[in-house]
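Per the numbering used here, the very first residue in the sequence shown carries number 18; after that it's consecutive.
Every residue, glycine too, gets a C-beta built ideally from N, C-alpha and C.
These notes concern the structure reproduced below.
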Amino acid sequence: LEHKQISQAVIYGDSLPFNIAVIVLSETNTEIKEIEELIDRSNKSLPDYAKVSHYIIADEPFSFEADTLTANGRVKRTKVYEIHLEKIQALTESYNSITAAV
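Right, here's the structure in full:
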């Protein structure tokens, strides 16, 4: 997800029923509709297994201070996942309860 409104993003999908993006916004006044439109546009060029179905807006940027970046500036995916685990679990539980009802 590359866009001027997004400064950082990590995609998770391993062992999940869908892909989830954890997004750090460049500007705090970015509207959710803009992010959803960006994801929709990006998904059009991706195969089904790579499409982002849900997203989480991170409360703070990935940084050395937050221990979410490695020494060379790469995102510590596992750490970001741990920080957002409750939200990720809530999304997957919601999905599982909907599919179980069908």
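Item                                                                                                          : Value
Nearest neighbour of residue 34, chosen from 96, 60, 67 and 43 [CA to CA]                                     : 67
With 16 other Cβ atoms within 10 Å as the buried cut-off, status of residue 45                                : exposed
Spatial distance of residue 58 from residue 90 (CA atoms)                                                     : 28 Å
Beta-carbon gap between residue 100 and residue 72 smaller than 8 Å                                           : no
Buried versus exposed call for residue 85 [16 or more other C-beta atoms within 10 Å across all chains shown] : buried
Backbone CA spacing between residue 30 and residue 65 [nearest angstrom]                                      : 12 Å
Bounding residues of the beta strand (DSSP E) (the contiguous stretch that carries residue 59)                : No beta strand (DSSP E) holds residue 59; the alpha helix (DSSP H) holding it covers 49-61.
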